[in-house]
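Asks:
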Amino acid sequence: MPSVTLNSVSDELLSAIFHVATHDFHDCYDAIFHATTISHVCQRWRNVSLSTSSLWTVIVLTFPTRRTQFFRTVDWLARSRSRPLHLYMDFRDPAWNWDEASHCFGWQNMENVMRLILPYAHRWQKVELLTDTWAPIFTFLSYTSRIKSAPMLQDVLLSRCNAFFAAKGELFRPSAMRHPVSWFGGGSAFHSLRRVSLAGVHVNWTNSGLSGLLELELKYHASEVMPTLHEFCDIISACPELERLSILGWGPQIDVNVAPKQRTLYLPHLRDFAFGFIDVDYAIDLLSLFYLPALETLSLEDISSSLDPSHPCDSSRLLEYLTAAHYSCTTSFHPFPCATCGPYPLSSLRSLELHGLTSCGVSLRCFLQETATLDHLVLSGLDKPNLQAIVPDLIAAALCPSLLDLKFNDTGPTIAALLASLPVGIVRNSNSPSMRVIVVANAADSDDATHELVHLLRAAGVEAMILGNATC
102 MPSVTLNSVS DELLSAIFHV ATHDFHDCYD AIFHATTISH VCQRWRNVSL STSSLWTVIV
162 LTFPTRRTQF FRTVDWLARS RSRPLHLYMD FRDPAWNWDE ASHCFGWQNM ENVMRLILPY
222 AHRWQKVELL TDTWAPIFTF LSYTSRIKSA PMLQDVLLSR CNAFFAAKGE LFRPSAMRHP
282 VSWFGGGSAF HSLRRVSLAG VHVNWTNSGL SGLLELELKY HASEVMPTLH EFCDIISACP
342 ELERLSILGW GPQIDVNVAP KQRTLYLPHL RDFAFGFIDV DYAIDLLSLF YLPALETLSL
402 EDISSSLDPS HPCDSSRLLE YLTAAHYSCT TSFHPFPCAT CGPYPLSSLR SLELHGLTSC
462 GVSLRCFLQE TATLDHLVLS GLDKPNLQAI VPDLIAAALC PSLLDLKFND TGPTIAALLA
522 SLPVGIVRNS NSPSMRVIVV ANAADSDDAT HELVHLLRAA GVEAMILGNA TC
C-alpha cells in the first residue's frame, strides 16, 4: 500500500482534521491554542485553517482584558463567519480583596466587551460569564435586554462567584443594583434555550423566558432576590422535559405564614437532582413541592456547613422526610394516575452523593436502607458518628448491597482511622457484587498508613485504591 503524506491529503479532508483537532477539548483555552498553532505551521495549513470557519468559533476573554484579546476576538468573529459562537468570559481576579468597589474589572470594562460581542448575538450558541462582583453581571443583563432574537442560543451560564450571599439572613449587595433586569428582551429572544445556570445571578423571574429547558441550575443567591413561589412554579411547569435540576442554597421565597393552594411540580423526565440547603425547615417545604418518579441520581449537601462550619444544620429531619416520602408510595394516594412510586423513589436511585451532613446515625441508616439498587455512593464531610453508623455495613454489604463504587472524598484522617479499625474478619456479602473503595487522601498522609489501609480493605474482599487530592 503506498504511503500517504499530509501533502497528498485534500484541503477538504485537512479542514475536517483541523476541525476535530480543535473541538476535541472541553477547555476553551485549548481550542484557542490549537487553532492558533495550526494556522502557524505553514502557508498551506494557514490557508486551509483560515477558510475553515469552525476553527474560530470559541471566543475567550479573560481578566485582565488587554488590547490583544480584543484584536484576537475581532479576528475570530470575522473568521467564524456565520457559525454559532461559544463565548467564554472569565473576569475574576485571584488577587481581589473582596471589596466590591475596588475590583479592577467594573461596569465600564464590561461595556467595552458588550459593545464588541452584542452585534453577534444572533450567532451566540453558548455564553459563559464568570465574575467576582455584580456590576459586570448587571451590565451584561442590561445590554442583553435589548436583544430581540437569539435564535441559536442553547446554553447560558452566569456566575457571580461568591457563595457568601447564600448565608442565612444575608442580603443582596450592592442594594442599589438589586432591581431585577428583564434579560434577552424579557425572555422573548430565546428560541432554543436548553441549559441555564445562574449562580448568584437573578433576573426578572416573571419575564425570564425560562421554558422548555433540559437543565436548570440555581445556586448561591441571596434569598431576597429569588422568585416568588408562584413565579418558580410557573418556570418549572414550563419545563416539563427537564432532566437535571440543581438548587444550591435558596429556591423560591416561601411564606410560611401564608397557606397558598398546594401545587405539585411533576417532572416525569427528571433523572438528576442536586439539592444544597441552608435551613432544614425551608428545605423540607421546598422538597414537598416536587414529584420526581424517574429520579436516578441524587446529591444532598449542607451548604451551611461550608459557610459557617461552627453551626451546621441537623439533617436528621430532612433524611427522615425523604425516607417517609419514599415509603409513602405504598400507602398514599398518588396525585398523578400514571405514578407508580413516591415523590422520591429512593429504591430506584443509581447514584447518591452526601456532602457535609450532620445527623443522627439512625436517620442516615434508615435512609440508606431504602437505596437497595444504588451503584455509586460518594461521601464527604460527614461527621464521625454518621461514618461510624454506616461504613462497616457498607463494606460488608449489609447496607446498599448492590454498591459498585464507594468514594470517601475530602474526609481526612477520620475515614482512614475508621476503615483501619474495621474488624479483621469482616467479609463482604458473597451475594453482592465486588465493590471498589476510593479514598481521597492528603499528600501528607504517611505511605505506611495508606498501604496498610489498602491491605485491610483488600483482605475484606474489597477493591481499594487511594487517590491524592491533586488528581480528584
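Just so we're aligned: the sequence shown equals residues 102 to 573 in this note's numbering.
Every residue, glycine too, gets a C-beta built ideally from N, C-alpha and C.
Any heavy atom of the ligand ADP closer than 7 Å to the CB of residue 116?
Replies: No copy of the ligand ADP appears in this structure; indeed no ligand is present at all.
Asks: Can you find at least 3 beta carbon pairs, one from the segment 115 to 125 and one from the segment 148 to 159, that sit closer than 8 Å?
Replies: These segments touch.
Asks: Which residues mark the beginning and the end of the beta strand (DSSP E) in which residue 377 is found?
Replies: Here residue 377 refers to the residue found at position 276 when the sequence shown is read from its first residue. That run of the beta strand (DSSP E) goes 373 to 378.
Asks: Under 8 Å: do the segment 446 to 456 and the segment 472 to 485 share three or more Cβ pairs, one atom per stretch?
Replies: Contact between the segment 446 to 456 and the segment 472 to 485 is present, because at least three Cβ pairs lie under 8 Å.
Asks: Taking residue 355 as part of the alpha helix (DSSP H), name the residues at either end of that continuous run.
Replies: Indexing the sequence shown from 1 puts residue 355 at position 254. That residue, residue 355, is in no alpha helix (DSSP H); it is neither H nor E in DSSP.
Asks: Within a Cβ cutoff of 6 Å, which residues of the same chain sit near residue 324, ignoring the five residues on either side of it in sequence?
Replies: Counting from 1 along the sequence shown, the entry for residue 324 is found at position 223. Counting only Cβ-Cβ distances below 6 Å, and skipping sequence neighbours, we find 351.
Asks: Less than 8 Å between the beta carbons of residue 312 and residue 340, yes or no?
Replies: For the purposes of this step, residue 312 is identified with residue 211 of the sequence shown, where counting begins at 1. For the purposes of this step, residue 340 is identified with residue 239 of the sequence shown, where counting begins at 1. Cβ distance < 8 Å, so residue 312 and residue 340 count as in contact.
Asks: Starting from residue 124, trace the beta strand (DSSP E) both ways and give me its first and last residue.
Replies: For the purposes of this step, residue 124 is identified with residue 23 of the sequence shown, where counting begins at 1. Counting along the chain, residue 124 falls outside any beta strand (DSSP E), though it belongs to the alpha helix (DSSP H) covering 112 to 124.
Asks: Look up residue 539 in the DSSP assignment and say whether it is helix, strand or coil.
Replies: Working through the sequence shown from its first residue, we reach residue 539 at position 438. DSSP places residue 539 in strand when its eight states are reduced to three.
Asks: For the beta strand (DSSP E) containing residue 146, list its first residue and its last residue.
Replies: As a working note, residue 146 is residue 45 in the sequence shown. Unbroken run through residue 146 is the alpha helix (DSSP H), 144 to 151; no beta strand (DSSP E).
Asks: Using beta-carbon positions only, say whether residue 417 and residue 456 come within less than 8 Å of one another.
Replies: The residue labelled residue 417 in the question sits at position 316 within the sequence shown. The residue labelled residue 456 in the question sits at position 355 within the sequence shown. No, Cβ-Cβ distance for residue 417 and residue 456 is not below 8 Å.
Asks: Just list the residues that DSSP pairs residue 230 with in beta bridges.
Replies: Here the question's residue 230 lines up with position 129 in the sequence shown. 190 and 259, per the DSSP bridge assignment.
Asks: Counting along the chain, where does the beta strand (DSSP E) carrying residue 382 start and finish?
Replies: Mapped onto the sequence shown, residue 382 falls at position 281. It is not in any beta strand (DSSP E) - residue 382 instead sits in the alpha helix (DSSP H) that spans 381 to 388.
Asks: Rounded to whole angstroms, how far is the Cβ of residue 390 from the Cβ of residue 374, which I believe are closer than 8 Å?
Replies: Along the sequence shown, read from residue 1 onward, the residue named residue 390 stands at position 289. Along the sequence shown, read from residue 1 onward, the residue named residue 374 stands at position 273. Not really, about 12 Å apart at Cβ, beyond 8 Å.
Asks: Mapping DSSP to helix, strand and coil, what is residue 161?
Replies: Taking the sequence shown and counting its residues from 1, the one referred to as residue 161 is at position 60. DSSP places residue 161 in strand when its eight states are reduced to three.
Asks: Along the chain, where does the alpha helix (DSSP H) containing residue 171 start, and where does it finish?
Replies: The residue given as residue 171 occupies position 70 in the sequence shown. Counting along the chain, the alpha helix (DSSP H) containing residue 171 begins and ends at 168 to 180.
Asks: In terms of alpha-carbon separation, which member of 509, 204, 492 and 187 lies closest to residue 195?
Replies: Translated into the one-based positions of the sequence shown, residue 195 becomes position 94. Checking every option, the nearest Cα to that of residue 195 belongs to 204.
Asks: Residues in its own chain within less than 7 Å of residue 248 by CB, not counting five upstream and five downstream?
Replies: If you number the sequence shown from 1, residue 248 lands on position 147. Cβ within range, chain order: 222, 285, 286 and 290.
Asks: In terms of DSSP beta bridges, what is residue 225 paired with?
Replies: Residue 225 sits at position 124 when you count from the first residue of the sequence shown. According to DSSP, which records beta bridges pairwise, residue 225 is partnered with 186.
Asks: Does the Cβ-Cβ distance between residue 534 and residue 505 come in under 8 Å?
Replies: Taking the first residue of the sequence shown as position 1, residue 534 is located at position 433. Taking the first residue of the sequence shown as position 1, residue 505 is located at position 404. A contact, by the Cβ cut-off of 8 Å.
Asks: Which value, in whole angstroms, describes the spacing of the CA atoms of residue 414 and residue 277?
Replies: Residue 414 sits at position 313 when you count from the first residue of the sequence shown. Residue 277 sits at position 176 when you count from the first residue of the sequence shown. Their Cα atoms are separated by approximately 32 Å.
Asks: If you pair each beta-carbon of the segment 263 to 279 with each one of the segment 229 to 241, do three or more pairs fall below 8 Å?
Replies: The answer is yes - the segment 229 to 241 touches the segment 263 to 279, with three or more Cβ pairs under 8 Å.
Asks: For the alpha helix (DSSP H) holding residue 476, just list the boundary residues, first then last.
Replies: For the purposes of this step, residue 476 is taken as residue 375 along the sequence shown, with counting starting at 1. Per DSSP, residue 476 belongs to no alpha helix (DSSP H) and is neither H nor E.
Asks: In whole angstroms, give me the CA-to-CA distance for residue 279 and residue 315.
Replies: Sequence index remark: in the sequence shown, residue 279 carries index 178 (1-based). Sequence index remark: in the sequence shown, residue 315 carries index 214 (1-based). Using only the alpha carbons, I get a separation of about 28 Å.
Asks: Pull the bridge partners of residue 345 from the DSSP assignment, please.
Replies: As a first step, residue 345 is located in the sequence shown; it is residue number 244 there, counting from the start. Residue 345 is bridged to 316 and 373.
Asks: Is it buried or exposed for residue 172, if we count other Cβ within 10 angstroms and need 16 for buried?
Replies: Sequence index remark: in the sequence shown, residue 172 carries index 71 (1-based). Answer is exposed; the Cβ neighbour count stays below 16.
Asks: Terminal residues of the continuous beta strand (DSSP E) containing residue 492?
Replies: Along the sequence shown, one-based indexing puts residue 492 at 391. Note, residue 492: premise wrong, no beta strand (DSSP E); alpha helix (DSSP H) at 485 to 496.
Asks: By DSSP, does residue 452 sit in helix, in strand, or in coil?
Replies: One-based indexing of the sequence shown puts residue 452 at position 351. Strand, per DSSP.
Asks: Can you tell me whether residue 433 is buried or exposed, with buried defined as 16 or more other CB within 10 angstroms of its CB?
Replies: Here residue 433 refers to the residue found at position 332 when the sequence shown is read from its first residue. Residue placement at residue 433 is poorly supported in this model, since its pLDDT is 45, which falls under 50; the coordinates still yield a value, given next. It counts as exposed.
Asks: Can you look up residue 134 in the DSSP assignment and give me helix, strand or coil?
Replies: The count along the sequence shown starts at 1 and reaches residue 134 at position 33. DSSP places residue 134 in helix when its eight states are reduced to three.
Asks: At the level of alpha carbons, what is the spacing between residue 317 and residue 509?
Replies: Here residue 317 refers to the residue found at position 216 when the sequence shown is read from its first residue. Here residue 509 refers to the residue found at position 408 when the sequence shown is read from its first residue. In a straight line, the C-alpha of residue 317 is about 27 Å away from that of residue 509.
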